[in-house]
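In the numbering used here, the protein residues as written are 54 to 227.
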């Protein structure tokens, strides 16, 4: 019984999210409609355009909005289908034997366990490689002045603490 409640709760959450997305789309369309009307009538008043021209332009604009809204599900479906047609376009893990096309033949990956698929990209130097994804480089300069070698040895823990604090600050800023 608790498993059925979990399934029902999960389905309800999914439907709630879909309803919220649909309401957000309707809200956006309503705003677009209102903005289009406002711009059309403002144009008639400010530019002195004929009402028939304004209404014609308004009809074209609203038709374009309606067409875009009607075609959105088709575009989403095609986008999703293409994303599934190339399942590892963004990379991924293959954990069981999987066949793939290989220059007129068929290859197999994941036959000996998990394998990673990593998209390659060109770096600023033109070399092709795996993108590290994200972080920027941070330069830290530490100046150390000591009287002699012995005082340098004695300050090693202080220098280590300064470098560690700089690294921690860098991690927080990523």
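Quick reminder that beta carbons are idealized off the backbone N, C-alpha and C, glycines included.
- A Cβ-Cβ distance of about 40 angstroms is found for the pair residue 195 and residue 170, leaving them out of contact under the 8 angstroms criterion.
- A check of alpha carbon separations from residue 118 across 79, 151, 155, 176 identifies 79 as the nearest.
- The beta-carbon separation of residue 107 and residue 93, rounded to 5 angstroms, stays under the 8 angstroms limit for a contact.
- According to DSSP, residue pairing for residue 152 in a beta bridge involves 161.
- Annotated as distal: residue 161 and residue 172, with beta-carbon spacing of 8 angstroms or more.
- With contacts defined by Cβ atoms closer than 8 angstroms, residue 163 and residue 183 do not form a contacting pair.
- For residue 109, the secondary structure class from DSSP, reduced to helix, strand or coil, is helix.
- DSSP places residue 171 outside both helix and strand once states are collapsed to three, so it counts as coil.
- Ranked by how close their Cα comes to the Cα of residue 87, the residues 115, 71, 211, 158 have 115 in first place.
- In the three-state reduction of the DSSP assignment, residue 98 falls in the helix class, which pools H, G and I.
- In the DSSP annotation of this structure, residue 202 is not part of any beta strand (DSSP E); the continuous alpha helix (DSSP H) holding it starts and ends at 202 to 207.
- Residue 68 and residue 74 have their C-alpha atoms some 10 angstroms from each other.
- With respect to the 8 angstroms criterion, residue 97 and residue 104 are classified as neighbours on the basis of their beta carbons.
- With respect to residue 199, residue 208 sits close: the two C-beta atoms are nearer than 8 angstroms.
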